[in-house]
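Engineer: Below is the structure I would like to discuss, written out as structure tokens.
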Amino acid sequence: MAMIDEIPNQHNLPEFAVDGVNLPNVGFDVGESYAGSLPIGDANLGAELFYWFFPSTSEEAQTNKEILLWVTGGPGCSSVGELLQENGPLLWQPGTFAPVANPWSWHRLTNVVWIDQPVGAGFSTGNATARDEHDVASQFMGFWRNFVDAFALQGYKVYVTGSSYSGMYCPYIAGAMLDAADKTYFDVSGMMIFDGTYSNPILQQDLTAATFHDQWSNVFAFNASFKDSLRSAAQSCGYTDYLAKYLVYPALEPQPSLPPGSLPDGSAPRPGCDLLNTFYTAATDANPCFSPYDILTVCPRKYDPLGFSDGVDFVPDGAAVYFDLPEVKTAIHAPNKTWLFCQSGNNGVEVFVNGTDDSLLSGPGSQPVLPGVIDRTQNVIIAHGARDWVLMEKGTLLMLQNLTWGGKLGFESDPRSQGNELIMPGLSDEYVSALQSAGAVVGLTAGGGRGVVGTVHAERGLTYLGVDTSGHFLSMAAPEVSFRALEVLLGRVNGFDGAEPFTVDVGFASGVAGNGTSGAQVSYGVTGGSAMQAGPAAASAEPVKKTSGAERRDVGSASLLTGVVVLGCAFLTL
């Protein structure tokens, strides 16, 4: 079964063009795309950020003149990695044999560029000089000017998106762009963050650990004495009373500058209050394959073509890390450096001077700048997966109740209250029938659910999504929610009540073919693939029809973490 979308190439930049027909280990044409490195400002600074840009298969995106940027968290993790496993045109998720075309790819809705940043992350090159998020934003804006000039995107609306530690990156980047008051380059029209880090990690981890356990007690096989000790520690550290006082609707007063149970400088929990590590030890005793990113994960551990495997370095014999293959680097014009999904702290590489983001560890995180982005755009979406352990949802809700936007403190009503149903529309009957006729397993091929998947609440320009069907990587676990959220952000649909169908059929092409030029051809649903080897690419299945490098296709999603050390394991809030 093939579903075709034909759209002519939109840019003529051969030095950055990626041959979508012959991408290593991919058995189908990924369509028009461009990749490479650009300076963070003056080329003499010697630092460059790497990007992979997919022009949209949607004519509406070109008519509206819009561009969306995605930055992964970590700090120090690669956005290109999330392109491959969450919201990009090709999808190679852990535990799967080969890449497939992603029917939930964000480029089906708008022009999308995935950017490895700050300096040092992924394929980006140079020495880290950033000390805080103001430095990160300044360097990013230098890169962005160069990117806009290279692809003639002046005057385009800009949407800033990301996940995990991008709860720090995105508000500072969007805020700095808005402050520049330059719509030629920085016309920020909205922002969206999945499972973000926004403030002191204690608030999003240790403080909410006991209540997280109580919420998911049927998942964790803990004995009564451990449960009692966890609750007792939460009480003695002040966590229980803090939640009772400040996680209320409407908010009654601002929260203290330092969380309870912390050292005097707020840098870490005091002895006896490190409940995250305590919880983690017990969880891994009960489930050796426990994942901080999704608490429902069980053994066996899945092989990950990114070499990440829920934060564990696991590359089986005969396999390889996809983006570290020489032929892949050549294909996407990447520098010849060792690629790791998360660089920070590995191979001596850091993305902040001394490995410390002063905006987080010595300051209030992104809370000073987030309200300004909400008030000036009136178009911000924050989403959080309920199964995320490394950044717990109640920590995000607690942060929001300490945020003043639109002249008021926090939400006036509980975003997680009954009646605020987050509803997904179903796939079209035509598409489901076509998949089934082709012998496809609809759940695996389409990836999206329908019906009530969580809650949604909006006040004063900020929309909050609590997603029950997801952990940390929202676009991976709940691609239909990620896709619908993007439709709302872009103004393609009005909301989350499920009344409006998806604006493109996740399976059938949406573009208008022809226009008198050589077009792009894309197929969805049942596709061929190839097995990745630690050497030259070798196809292991017959690929679907390929045409020319000018061809394009419609094709997800996922998210990452923030840097937290747990028993020697770096839990990244990507």
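Just so you know, we're using the numbering used here here: the sequence shown kicks off at 3 and counts up by one.
Note that CB positions come from ideal geometry on N, CA and C, so glycine has one too.
Could you round the C-beta distance between Pro262 and Tyr241 to whole angstroms and report it? I think they count as a contact, below 8 Å.
Structural biologist: The pair is a contact, with the Cβ atoms about 6 Å apart (cut-off 8 Å).
Engineer: Taking only the alpha-carbon atoms, compute the straight-line gap between Thr280 and Ser201 and give it to the nearest angstrom.
Structural biologist: If you take the alpha carbons of Thr280 and Ser201, they lie about 21 Å apart.
Engineer: Give the straight-line distance between the Cα atoms of Gly516 and Gln420, rounded to the nearest whole angstrom.
Structural biologist: Any reading at Gly516 needs caution, since the residue's pLDDT is 25, under 50, leaving its predicted position unreliable; the model's value is listed next. The straight-line gap from Cα to Cα measures roughly 48 Å.
Engineer: Using the three-state DSSP reduction, which class does Lys159 fall into: helix, strand or coil?
Structural biologist: Correct three-state label for Lys159: strand.
Engineer: At what residues does the beta strand (DSSP E) containing Ile69 begin and finish?
Structural biologist: Residues Glu68 to Val73.
Engineer: Under 8 Å: do the region 155-175 and the region 53-65 share three or more Cβ pairs, one atom per stretch?
Structural biologist: With the cut-off at 8 Å, the region 155-175 and the region 53-65 do not touch.
Engineer: How many Å lie between Thr127 and Pro41 at the Cα?
Structural biologist: So the two alpha carbons sit approximately 9 Å from each other.
Engineer: Output the residue ranges of the beta strand (DSSP E) runs that lie fully inside the region 57-113 and measure 3 residues or longer, sorted by chain position.
Structural biologist: Here the runs fully enclosed are 68-73.
Engineer: Output needed for Met179: all residues of its chain with C-beta closer than 6 Å, excluding positions within five of it in sequence on either side, in chain order.
Structural biologist: Same-chain partners within the cutoff: Phe188 and Val190.
Engineer: With Val150 as the anchor, note down where its alpha helix (DSSP H) starts and where it stops.
Structural biologist: Start and end: Glu135 to Ala152.
Engineer: Taking Val483 as the reference, which of Val355, Thr505 and Leu424 has the closest Cα?
Structural biologist: Ranking the options by Cα distance to Val483, first place goes to Leu424.
Engineer: Helix, strand or coil for Pro597 per DSSP?
Structural biologist: With the chain represented from 3 up to 576, any question about residue 597 goes unanswered, as that position is not in the structure.
Engineer: Here's the rule I'm using: 16 or more other beta-carbon atoms within 10 Å means buried, otherwise exposed. How should Val300 be labelled?
Structural biologist: Classification for Val300: exposed.
Engineer: At which residue ranges does the region 281-345 contain complete alpha helix (DSSP H) runs of 4 or more residues, listed in the order of the chain?
Structural biologist: Within the region 281-345, the complete alpha helix (DSSP H) runs of at least 4 residues are 328-333.
Engineer: Would you decide whether Ser311 is buried or exposed? Buried here means 16 or more other CB atoms lie within 10 Å of its CB.
Structural biologist: With 16 or more other Cβ atoms within 10 Å, it is buried.
Engineer: For His136, which residues of its own chain have a beta-carbon under 8 Å away from its beta-carbon, when the five flanking residues on both sides are left out?
Structural biologist: For His136, where only same-chain residues beyond five positions count, the Cβ hits under 8 Å are Tyr174, Ala178 and Ser361.
Engineer: How far does the beta strand (DSSP E) with Leu362 in it extend, from its first residue to its last?
Structural biologist: That residue, Leu362, is in no beta strand (DSSP E); its alpha helix (DSSP H) goes Asp360 to Leu363.
Engineer: What whole-angstrom Cβ distance do Val115 and Leu71 have, given they're in contact under 8 Å?
Structural biologist: 5 Å between Cβ atoms; contact.
Engineer: Indicate whether the contact test is met: 3 or more Cβ pairs, each with one atom in the region 472-481 and one in the region 385-399, closer than 8 Å.
Structural biologist: A contact exists between the region 472-481 and the region 385-399.
Engineer: Please state whether DSSP places Val382 in a helix, a strand or coil.
Structural biologist: It is a strand residue.
Engineer: Quick one: Cα of Ala246 to Cα of Ala212, how far?
Structural biologist: If I take the Cα positions, the gap works out to 13 Å.
Engineer: Could you check whether Thr112 and Ala37 sit closer than 7 Å to each other, using their CB atoms as the reference points?
Structural biologist: Cβ distance not < 7 Å, so Ala37 and Thr112 don't count as in contact.
Engineer: May I ask which residues mark the beginning and end of the beta strand (DSSP E) holding Ala211?
Structural biologist: Careful: Ala211 lies outside any beta strand (DSSP E), inside the alpha helix (DSSP H) at Ala211 to Gln217.
Engineer: What number of angstroms, rounded off, separates the C-alpha of Pro370 from the C-alpha of Thr163?
Structural biologist: Roughly 18 Å between the two C-alpha positions.
Engineer: By how many angstroms is the C-alpha of Met170 removed from the C-alpha of Ser219?
Structural biologist: Distance between the alpha carbons of Ser219 and Met170: 31 Å.
Engineer: Would you call Pro105 buried or exposed, if buried means 16 or more other Cβ atoms sit within 10 Å of its Cβ?
Structural biologist: Buried, since its Cβ has 16 or more Cβ neighbours within 10 Å.
Engineer: Would you say Pro373 and Trp341 are within 7 Å of each other, going by their C-beta atoms?
Structural biologist: Contact flag unset, no.
Engineer: What's the call for Gln438, buried or exposed, on a 16-neighbour Cβ count within 10 Å?
Structural biologist: It counts as exposed.
Engineer: With DSSP as the reference, label Lys247 as helix, strand or coil.
Structural biologist: Correct three-state label for Lys247: helix.
Engineer: For Gly412 and Pro318, I'd like the C-alpha separation in whole angstroms.
Structural biologist: Using only the alpha carbons, I get a separation of about 47 Å.
Engineer: In the DSSP output, which residue or residues are listed as bridge partners for Gly456?
Structural biologist: According to DSSP, Gly456 bridges with Leu424 and Val469.
Engineer: Please report the straight-line C-alpha distance between Arg494 and Thr505, rounded to a whole angstrom.
Structural biologist: Arg494 and Thr505: Cα-Cα distance of roughly 7 Å.
Engineer: In this structure, how does DSSP classify Met394 when only helix, strand and coil are distinguished?
Structural biologist: DSSP places Met394 in coil when its eight states are reduced to three.
Engineer: Going along the chain, which residues of its own chain have a beta-carbon closer than 6 Å to the beta-carbon of Cys207, five neighbours each way excluded?
Structural biologist: Per the sequence shown, the amino acid found at residue 207 is Gln instead of Cys. Closer than 6 Å at the Cβ level, and outside the excluded window around Gln207, lie Leu278.
Engineer: Using beta-carbon positions only, say whether Pro26 and Ala336 come within less than 7 Å of one another.
Structural biologist: Result no, Cβ atoms of Pro26 and Ala336 do not sit closer than 7 Å.
Engineer: Report all residues from its chain with a CB closer than 6 Å to the CB of Lys304; omit the five preceding and five following residues, and keep chain order.
Structural biologist: Here the set comprises Pro96 and Gly97.
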